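Undergrad:
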Amino acid sequence: MYEVNTRLAYAMMSVGKGEAAAKVFCGVMNLPPPPKQFYESLHALNNATEKVAKVSMALAAAETLSFNNAYKAVLESKPYKDVNIEKLECVGHVEKKDGYTTQGIKIKIKRQKARGQKSLGRP
Numbered sequence: 005m006y007e008v009n010t011r012l013a014y015a016m017m018s019v020g021k022g023e024a025a026a027k028v029f030c031g032v033m034n035l036p037p038p039p040k041q042f043y044e045s046l047h048a049l050n051n052a053t054e055k056v057a058k059v060s061m062a063l064a065a066a067e068t069l070s071f072n073n074a075y076k077a078v079l080e081s082k083p084y085k086d087v088n089i090e091k092l093e094c095v096g097h098v099e100k101k102d103g104y105t106t107q108g109i110k111i112k113i114k115r116q117k118a119r120g121q122k123s124l125g126r127p
């Protein structure tokens, strides 16, 4: 019976409803009313969900860190013998990806003003 009660609490939590909706649902389906420990079931579900989320995020972080070892592997292999390889950080990749820069936005605003259109910011 415990599993059925927990599943009812999980179903109500999943659709964004609470104990009142569970009572209505049980009444419509001609089932016995939900248990008095409805919120205890929700609390247990919340704890279990939180534990699973933390483990999942820790595994994802570890996986991401494992992807970051490429630079170290290249340094250790010394492909250019005596030439020192420096790591350059990717600067401006967001602007390049989205196709705009601050300078591009300024030019767009000037064009709008020249055409008599309202610009962003001050009137």
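Its first residue numbered 5, the sequence shown is counted upward by one per residue in my numbering. We put the beta carbon where it would ideally sit given N, CA and C, even for glycine. Values in this document were obtained by computation on a predicted structure and should not be read as measured data.
Would you tell me roughly how many angstroms separate the C-alpha atoms of E44 and E23, rounded to the nearest one?
TA: 11 angstroms
Undergrad: Whose C-alpha, out of G108, F42 and I89, is nearest the C-alpha of V78?
TA: I89
Undergrad: Between which two residues does the alpha helix (DSSP H) carrying M16 extend?
TA: Y6 to S18
Undergrad: Please say whether L49 and Y6 have beta carbons closer to each other than 7 angstroms?
TA: no
Undergrad: My guess is that L46 and A26 are in contact by the Cβ rule of under 8 angstroms, so how many angstroms apart are they, rounded?
TA: At roughly 10 angstroms, the Cβ-Cβ gap does not stay under 8 angstroms, so L46 and A26 are not in contact.
Undergrad: Let's see if you can read the secondary structure: which residues bound the alpha helix (DSSP H) around G31?
TA: E23 to V32
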